[in-house]
Each structure stands twice: as C-alpha cells, then as structure tokens.
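Same order as they appear, the protein sequences are chains E and C. Per full-length UniProt numbering, the very first residue in the first sequence carries number 1; after that it's consecutive. Per full-length UniProt numbering, the very first residue in the second sequence carries number 1; after that it's consecutive. Written below as structure tokens is the structure these notes are about.
Number of protein chains: 2
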Amino acid sequence: MKKKILISDIAKDLGVSVTTVSFILNGKAKEKRISEGLTKRVLAHVQKVGYKPNELAKSLRTGKTKIIGLVIEDISNPFFANIARLIETRAYSKGYRIIYCSTDNQPDKTIELIQLFRDRHVDGYIITPSEGVDDTIQSLINSQLPLVLFDRYIPGLATNYVVSDNVRGAYDATAHLAQQGYRRIALVTLYSSQTQMQDRMNGYMRAIDSYKLQPYVKKVNMGDDEETTVRDFHAFLQDQQPDAIFFATNYLAITGLKALKHYQTPLPGVVSYDDHTLFKLFTPTITAVSQPIEAIADELINVLLNQLDGKIKEVKQIVLPSELIVRESSRGRISSTTS
Amino acid sequence: MKKKILISDIAKDLGVSVTTVSFILNGKAKEKRISEGLTKRVLAHVQKVGYKPNELAKSLRTGKTKIIGLVIEDISNPFFANIARLIETRAYSKGYRIIYCSTDNQPDKTIELIQLFRDRHVDGYIITPSEGVDDTIQSLINSQLPLVLFDRYIPGLATNYVVSDNVRGAYDATAHLAQQGYRRIALVTLYSSQTQMQDRMNGYMRAIDSYKLQPYVKKVNMGDDEETTVRDFHAFLQDQQPDAIFFATNYLAITGLKALKHYQTPLPGVVSYDDHTLFKLFTPTITAVSQPIEAIADELINVLLNQLDGKIKEVKQIVLPSELIVRESSRGRISSTTS
DNA sequence: CTTTTTTGCTAAAACTTTTAATACCTACAC
DNA sequence: GTGTAGGTATTAAAAGTTTTAGCAAAAAAG
Numbered sequence: 001m002k003k004k005i006l007i008s009d010i011a012k013d014l015g016v017s018v019t020t021v022s023f024i025l026n027g028k029a030k031e032k033r034i035s036e037g038l039t040k041r042v043l044a045h046v047q048k049v050g051y052k053p054n055e056l057a058k059s060l061r062t063g064k065t066k067i068i069g070l071v072i073e074d075i076s077n078p079f080f081a082n083i084a085r086l087i088e089t090r091a092y093s094k095g096y097r098i099i100y101c102s103t104d105n106q107p108d109k110t111i112e113l114i115q116l117f118r119d120r121h122v123d124g125y126i127i128t129p130s131e132g133v134d135d136t137i138q139s140l141i142n143s144q145l146p147l148v149l150f151d152r153y154i155p156g157l158a159t160n161y162v163v164s165d166n167v168r169g170a171y172d173a174t175a176h177l178a179q180q181g182y183r184r185i186a187l188v189t190l191y192s193s194q195t196q197m198q199d200r201m202n203g204y205m206r207a208i209d210s211y212k213l214q215p216y217v218k219k220v221n222m223g224d225d226e227e228t229t230v231r232d233f234h235a236f237l238q239d240q241q242p243d244a245i246f247f248a249t250n251y252l253a254i255t256g257l258k259a260l261k262h263y264q265t266p267l268p269g270v271v272s273y274d275d276h277t278l279f280k281l282f283t284p285t286i287t288a289v290s291q292p293i294e295a296i297a298d299e300l301i302n303v304l305l306n307q308l309d310g311k312i313k314e315v316k317q318i319v320l321p322s323e324l325i326v327r328e329s330s331r332g333r334i335s336s337t338t339s
Numbered sequence: 001m002k003k004k005i006l007i008s009d010i011a012k013d014l015g016v017s018v019t020t021v022s023f024i025l026n027g028k029a030k031e032k033r034i035s036e037g038l039t040k041r042v043l044a045h046v047q048k049v050g051y052k053p054n055e056l057a058k059s060l061r062t063g064k065t066k067i068i069g070l071v072i073e074d075i076s077n078p079f080f081a082n083i084a085r086l087i088e089t090r091a092y093s094k095g096y097r098i099i100y101c102s103t104d105n106q107p108d109k110t111i112e113l114i115q116l117f118r119d120r121h122v123d124g125y126i127i128t129p130s131e132g133v134d135d136t137i138q139s140l141i142n143s144q145l146p147l148v149l150f151d152r153y154i155p156g157l158a159t160n161y162v163v164s165d166n167v168r169g170a171y172d173a174t175a176h177l178a179q180q181g182y183r184r185i186a187l188v189t190l191y192s193s194q195t196q197m198q199d200r201m202n203g204y205m206r207a208i209d210s211y212k213l214q215p216y217v218k219k220v221n222m223g224d225d226e227e228t229t230v231r232d233f234h235a236f237l238q239d240q241q242p243d244a245i246f247f248a249t250n251y252l253a254i255t256g257l258k259a260l261k262h263y264q265t266p267l268p269g270v271v272s273y274d275d276h277t278l279f280k281l282f283t284p285t286i287t288a289v290s291q292p293i294e295a296i297a298d299e300l301i302n303v304l305l306n307q308l309d310g311k312i313k314e315v316k317q318i319v320l321p322s323e324l325i326v327r328e329s330s331r332g333r334i335s336s337t338t339s
C-alpha cells in the first residue's frame with residue numbers, strides 16, 4: 001500500500017523529464033536555466049507527495065555517502081565516549097553521520113573494521129590506530145582517502161593527526177607530585193609501543209631527571225583480566241613501596257584504585273592521565289591530566305572536513321595542550337608534613 | 001593506478017558471464033548447478049585479484065544493508081555505552097554493523113534520526129524512544145520494519161521491547177532502605193512521563209506503602225545545567241531532611257553526590273538505579289540497582305535478528321529482573337545503631 | 001530417431017540516481 | 001532566408017551489482 005515513490009513518478013506526474021526533477025532537487029535549477037515556474041511546481045509536488053530520494057542510489061552514482069567512519073579503541077571508555085559524542089554532534093551539523101566500531105586495540109579487528117568501512121564507501125575516516133596497522137593506514141593514504149588519526153599517531157607516517165601533548169602532560173603530572181614532596185613516584189603504564197604511551201613514559205622520565213629522583217615503573221598487560229591486574233599491581237606496591245603513583249590511563253587508574261581499596265592500602269599520592277566525571281567525587285578527589293576533548297573533537301572534524309571539501313592538501317599534525325587538574329589525591333605529602 | 005575491479009572484469013578474465021560469477025559469489029553455485037571446476041576457478045581468481053563487490057550496488061539491488069540503526073539516549077552515559085558495546089559485538093558476529101546516534105532524549109532530534117536511518121535503509125532499528133515519538137514509531141511498525149525498543153516502551157503500542165523490571169527494582173531498593181532502618185526515604189527523579197521513570201516511581205511508592213512510610217519526592221528538570229540541579233537538590237535536602245535517598249538514574253545519583261560533597265552534607269543512605277563501574281570505589285561504596293546489561297543486549301539482538309530472518313511475527317515484550325547490589329552507602333542506619 | 005528432462009550457463013532487466021551531450025525552440029542579426 | 005545565440009528541457013549512458021527468465025547442448029526416455 002505504501003509504495004515507495006521514485007523520482008520517475010514525480011516526473012511522470014508533472015509531465016517533465018527525470019533529469020529536470022533531479023536538477024531542481026539538487027539546487028541546480030538556476031545553473032541549468034530551468035524556469036522558475038517549473039522549479040516551484042516541482043518543489044511543491046515533491047513536498048506534497050513526500051518524495052525522498054533513495055540515498056543508496058544517490059551514493060552509488062555520486063560515490064559520496066555522507067558518512068564518516070569512526071574507528072575507536074573502546075566506546076565504553078568515557079574518554080572515547082565523550083569524544084565520540086562531540087564528534088557526532090559536530091558532524092551532524094555539517095550533514096555527516098557517524099558509523100563507529102570499537103577495536104579493543106586489536107590489530108586484526110582494526111584492520112577488518114577499516115576494510116569494512118572501505119567496503120561501505122565512507123567518505124572519511126577518524127581512527128585511533130592500534131599497533132601493527134601501519135600498512136592499512138598507508139593504503140588509505142595511497143588511495144587519497146580523507147583521514148585523521150587521533151589520541152596517537154604512527155611515527156614515520158605522513159598523515160593528519162590530532163593528539164594531546166602527552167610528554168608535557170606526563171611531565172606536569174610527575175613534576176607536580178615531586179613538588180608536593182613525594183619522592184618514590186611510580187609510573188603505571190601498559191606494555192605498548194603506541195605513541196601516547198611512549199610519550200607519557202618520556203614525560204615521566206624527564207620529570208624524574210629534572211627532580212633527580214629514581215624511576216619506578218610498573219607495566220601492565222592490556223589483555224589481562226582485571227583480577228589478575230589487581231593482584232599484579234598489588235605485588236608491585238609491596239615490592240617497590242612507592243609513595244605516589246602516576247597512572248598512564250584512566251582505566252589503569254581505576255583498576256589501581258580498586259586494588260588499593262581491595263587491599264586496604266593507605267592511599268599514596270595519585271594522578272591519572274585522562275580525567276573522569278567521578279574523579280571529583282572520590283574521597284579524596286583524584287588529580288588528573290585532563291585532555292581538551294572539545295578542542296580535540298573540533299580539530300578532528302575541521303581537519304577531516306577540509307579534506308572532504310578538497311580544500312587542503314598539506315598534512316596537518318596538531319598537538320593540543322593538556323591541563324593538570326589538581327585535586328586532593330596529590331596533596332597528601334605536603335599537608336601531612338605542614339599540618 | 002589502483003583501478004577498482006568490477007564483477008564484469010572477473011567475468012571477462014575468465015570468459016564466463018557476470019551472472020555465473022555472481023551466483024558463485026553468493027553461494028548459489030550448487031543451487032544453480034554450476035560445475036565444481038568452474039566454481040573453484042572463479043573463487044581462486046577472485047581471491048587472486050582481490051575483488052570485493054561494491055556493497056552500495058549490492059544494497060541498492062537487494063534492499064539489504066546489513067546495518068542496524070541504534071538510536072540511543074546518550075552514548076556518553078556509561079549504561080548506554082556499555083549496552084552499545086555489547087550490541088556492537090553481538091551484531092558484528094552476525095555480520096551486521098551498527099550505526100548510532102544520540103538523541104539527548106529530545107523528540108525532534110529522535111524523529112530526525114529515525115528518518116535518517118530510514119533514508120539510509122538500515123535493516124533494523126534498536127531505539128530508546130524519547131517522549132512524543134509515538135507516531136514515528138508507529139510508522140516504522142506500519143512499514144513492517146524490524147524494530148525493538150529498550151530501556152522504556154510506549155504504552156499502548158504493540159511493539160517489541162526489552163526493559164528491566166523497573167517497578168521491582170525500585171521496590172527492592174526502597175524496601176532495602178526501609179529494612180536498614182531509614183524512615184525518611186526520598187526519591188529523586190525526573191519530570192518525565194517515560195515508562196521507566198513512571199515504573200520506578202511506582203516501585204518506590206509501593207514500598208513506601210508496604211512499610212507505612214511517608215513519601216518524599218524531588219523531581220528534577222532534565223534540561224537544567226548541573227549547577228542549577230545541584231542547588232535545587234540541596235534546597236530539597238534542607239527543606240525535607242531525608243535520611244536516605246533513592247536516585248532514579250545513575251546521572252541523578254552522580255549529580256546528587258556532587259551536591260552532597262559540595263555542601264559537605266553528612267551522607268544519608270544512598271541507592272542509585274543503574275550501577276556504575278566506580279560506585280564500588282567510592283567512600284562509602286554506593287549501593288545500586290544493577291540492570292542485566294548482557295542479558296538486555298542478548299535479547300535485543302535476538303529479537304531483532306529473528307525479525308530480520310523473517311522468522312517471527314508475534315510481538316516480544318521482554319522484562320528482565322534487575323539486581324540490588326548492596327554496598328556500604330545504604331547500611332549507615334543499622335550499623336550506627338547496632339555498633 | 002524423436003521427445004522430454006536435466007545440466008550448465010547467459011542475456012537482460014532491475015534497483016535509482018546523476019550528468020554529459022544534445023535537441024528544440026525563439027528571437028535576432030545579417 | 002540563413003546563421004547564430006541563448007534559453008529550456010530531454011535523451012541516453014553510467015554507476016555496480018543481483019536476479020528472473022530462458023536457451024543450447026547433452027543425457028535420458030520412449
């Protein structure tokens with residue numbers, strides 16, 4: 001009963017050609033010198049019968065889908081979820097839609113997902129690359145597809161990216177702990193060769209050097225289940241007895257806090273890379289390095305849109321500053337010695 | 001240089017017709033009695049040259065996109081993000097992809113998004129309906145499109161849905177507080193006519209009746225910014241002096257906890273509807289009504305897939321039990337009188 | 001040796017839109 | 001009366017696949 005209306009139906013109804021209708025619908029009436037009277041008549045009729053062009057057929061013909069593929073590490077991580085949310089809003093206002101998938105940071109899944117998006121002919125790609133996807137990314141670049149990486153980049157690959165200043169962020173966090181009087185400042189990070197992790201490590205080490213401290217580093221296996229990590233982390237605490245801990249990601253911080261709570265360990269100084277809505281609710285509130293997520297989302301969309309418009313050819317590599325948000329969890333040492 | 005390979009190229013290369021190649025690629029070789037030798041030859045060649053069918057053309061012809069549209073209230077809310085994640089994984093394993101958007105619970109945005117998905121010819125819909133979208137949902141049903149609602153449903157509309165037992169969950173939470181010795185138990189909820197909110201209110205009221213207590217209800221405006229809500233909520237505390245609070249959603253709980261912290265109010269008994277990873281890290285840990293998100297995701301995909309397979313015609317309305325997870329935040333009254 | 005059935009494959013239509021090329025008309029100049 | 005220009009709309013091809021209907025040859029049946 002609810003037969004789908006085609007452009008040919010419109011044309012037949014009004015006794016004009018399909019082409020004419022198409023031109024008018026695509027705003028080329030002026031350019032193609034179609035009379036104003038006809039233009040209005042067609043538009044009115046389209047409105048009346050509620051005709052909507054078949055987007056699939058349109059995409060097939062034009063090669064444009066108005067869809068952006070978002071390949072993200074994990075949508076249930078608040079940092080990524082919030083960025084995704086902002087990207088979505090901005091893309092939406094420009095007439096683009098988002099199709100997303102989570103990679104779990106697994107190379108094969110990432111590669112598969114990117115291939116999938118290619119099959120679907122998405123117009124552009126926003127990607128948090130996992131390790132080992134260099135060739136796949138390179139192939140996107142070779143095919144001249146609009147692309148921007150974020151959160152991390154691939155060294156040696158001349159591609160657009162937007163990241164935060166991880167070295168600086170980690171330096172600030174560590175230096176802050178040092179200034180608060182902590183001496184045995186540990187870094188908890190992942191086994192990972194990704195740039196954001198390397199950079200956070202570098203920033204930490206630089207601060208350790210500046211303040212002439214000893215490094216204490218605990219590396220965690222991403223794939224391990226939480227329980228294992230909790231035990232593993234606890235053993236590290238016992239062994240190295242740090243008086244402050246800098247967690248390289250928010251989920252490491254959360255796991256760490258769970259371990260501290262579970263073993264009822266007296267809380268050392270704590271800073272997390274990446275903020276979390278609830279960190280300001282903890283007792284004590286948790287100091288964090290906060291990435292500028294609005295700015296990141298803005299730049300990502302900007303860079304991508306510029307490519308989609310065919311405007312810009314040069315490679316954009318954007319590094320945005322992070323901000324250290326000092327809360328109670330990193331002020332223990334001072335207050336305990338001064339009060 | 002990297003000319004896209006077409007099915008016609010494959011056919012030409014091997015000196016067979018396009019039809020034959022298509023049959024083989026779609027697993028109809030047997031059915032169409034194509035010789036095994038040829039089948040193998042074609043498959044081998046396709047493999048060799050790395051031919052991939054154009055999904056758009058395929059979709060245009062078949063009317064199937066293998067995409068599921070997920071219309072969700074807010075992807076940055078952990079409850080929804082986690083469900084989205086699980087749905088994504090399950091859909092992926094069945095060969096379906098997810099395209100999602102957040103509605104912010106705004107009717108016009110919701111309607112627009114659903115229309116968008118229709119334009120894109122998604123194969124099925126998973127939707128958290130906002131208020132005032134009855135007609136839009138009805139029109140999906142009229143068009144016989146695979147559809148399942150979740151988290152809430154639309155009363156009087158015979159459509160598939162998966163929700164948790166909100167009445168029971170709210171009753172249990174409230175009853176638990178009563179059993180712990182709290183007497184002035186408040187409900188903090190939204191101005192909302194959505195079923196999940198109504199049901200939680202009902203559950204609360206039923207428990208209030210069972211235990212012969214007085215109700216104390218604070219309604220909050222969803223659109224307000226957090227600061228306003230915090231002040232508003234604080235005024236309610238001053239005014240009504242509840243000794244325990246049941247928050248009807250996790251973000252209300254978070255806002256409420258912020259208010260309590262900000263005004264340094266002594267913590268009353270607290271229960272939140274919807275759990276949160278970090279609730280077990282709080283001091284005190286927060287009691288919560290936990291929805292069975294795995295089960296919800298499973299059922300959603302099941303119900304949708306059954307429709308997509310054309311198997312089932314009857315309407316499925318599934319209500320899953322929630323679980324009360326008792327933590328420290330709701331045990332104050334007892335322990336303070338007994339210890 | 002003819003008719004029927006089976007086997008193995010193909011031509012052409014269908015999906016819906018965009019766009020390059022072109023046709024037709026009118027008016028005007030030469 | 002022919003050529004030219006400009007305005008208005010159309011024809012037909014193209015995008016890349018799936019699928020319907022059907023054909024020729026070989027095998028089986030009579």
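Every residue, glycine too, gets a C-beta built ideally from N, C-alpha and C. These figures come from a predicted structure and were not determined experimentally.
How would you call E/Thr265, buried or exposed, if buried means at least 16 neighbouring beta carbons within 10 angstroms?
Result: exposed.
According to the neighbour-count rule (16 or more other Cβ atoms, all chains shown, within 10 Å of its Cβ), is E/Lys214 buried or exposed?
Looking at the sequence shown, residue 214 of chain E is not Lys but Gln. Residue environment for E/Gln214: exposed (fewer than 16 other C-beta atoms within 10 angstroms of its C-beta).
Throw me the rounded Cβ distance for the E/Ala235 and E/Val188 pair, which I believe falls under 8 Å.
The pair is not a contact, with the Cβ atoms about 13 Å apart (cut-off 8 Å).
Leaving aside the five residues before and after E/Val326 along the sequence, list all residues of the same chain whose C-beta is less than 8 Å from its C-beta, in chain order.
A distance below 8 Å between beta-carbons, with the five flanking residues on each side excluded, links E/Val326 to the following residues of its chain, in chain order: His176, Thr287.
Taking the DSSP output, what are the residues bridged to C/Ala57?
Answer is none; C/Ala57 lacks a bridge partner.
Interface partners of E/Tyr263 on chain C, CB under 8 Å
Here the premise fails: no neighbours, minimum Cβ distance about 13 Å.
DSSP three-state call for C/Thr189: helix, strand or coil?
Strand at C/Thr189.
Taking a cut of 7 Å between CB atoms, which residues from the segment 220-244 of chain E lie near chain C?
Of all residues in the segment 220-244 of chain E, none has a Cβ within less than 7 Å of some Cβ in chain C.
Comparing the C-beta of E/Phe282 with each C-beta of chain C, is any distance below 8 Å?
So, interface residue.
Can a CB atom of chain E be found closer than 8 Å to the CB of C/Ala84?
At least one chain E Cβ lies under 8 Å of C/Ala84.
Tell me the DSSP secondary structure of E/Val71 in three-state form.
In the structure shown, the three-state DSSP call for E/Val71 is strand.
Does the separation of the CB atoms of C/Leu147 and C/Tyr125 fall below 8 Å?
Cβ atoms of C/Leu147 and C/Tyr125: closer than 8 Å.
If the criterion is Cβ atoms closer than 8 Å, does the pair C/Asp123 and C/Lys64 meet it?
Yes; because the gap between Cβ atoms is below 8 Å, this pair is in contact.
Buried or exposed by the 16-neighbour rule on C-beta atoms within 10 Å, applied to C/Thr174:
With 16 or more Cβ atoms within 10 Å of its Cβ, C/Thr174 is classed as buried.
Complete beta strand (DSSP E) runs within the segment 93-153 of chain C (minimum length 3 residues, chain order):
Unbroken beta strand (DSSP E) runs of no fewer than 3 residues, entirely contained in the segment 93-153 of chain C, are found at 97-102, 124-127, 147-150, following chain order.
Leaving out the 5 sequence neighbours to the left and right, which residues in its chain are closer than 8 Å to C/Ala91 when beta-carbon positions are compared?
Same-chain partners within the cutoff: Ile68, Arg97, Ile98, Ile301.
Just to make sure I have the definition right: I need the residues of chain E whose C-beta is within less than 9 Å of the C-beta of C/His121. Which are they?
For C/His121, the neighbours in chain E by C-beta distance under 9 Å run, in chain order, Asn54, Glu55, Leu56.
For chain E, find out if any of its Cβ atoms is closer than 8 Å to the Cβ of C/Lys258; answer yes or no.
Interface with chain E (8 Å Cβ-Cβ cutoff): C/Lys258 is included.
Test: C/Ser59 CB closer than 8 Å to a CB of chain E:
Chain E contact via Cβ: present.
Looking at chain E, is there any beta carbon in it that lies within less than 8 Å of the beta carbon of C/Tyr125?
So no, C/Tyr125 is outside the interface.
Give the DSSP bridge partners of E/Ile244, in chain order.
The question names Ile, but residue 244 of chain E in the sequence shown is Ala. Answer by DSSP bridge pairing, in chain order: E/Ile185, E/Gly269.
Taking only three categories from DSSP, how would you classify E/Tyr161?
In the structure shown, E/Tyr161 sits in a strand (DSSP, three-state: E or B).
Terminal residues of the alpha helix (DSSP H) in which E/Glu294 lies:
From DSSP, the alpha helix (DSSP H) with E/Glu294 extends over 293-308.
Quick one: does the C-beta of C/Ala11 sit closer than 7 Å to a heavy atom of the ligand FMN?
Although the ligand FMN was asked about, the structure shown includes no ligands whatsoever.
Mapping the DSSP letters down to three states, classify residue 347 of chain E as helix, strand or coil.
Residue 347 of chain E cannot be examined here, being either before or after the span of chain E that is shown, 1 to 339.
With a threshold of 7 Å on Cβ separation, who are the neighbours of C/Pro268 within its own chain once the five nearest residues in sequence on each side are excluded?
Answer for C/Pro268: Pro242, Asp243, Ala244, Ile245, listed in chain order.
Which residues in the same chain as E/Ala207 place their Cβ atom closer than 6 Å to its Cβ, once the five residues preceding and following it in sequence are excluded?
Hits under 6 Å: Tyr171, Thr174, Ala175.
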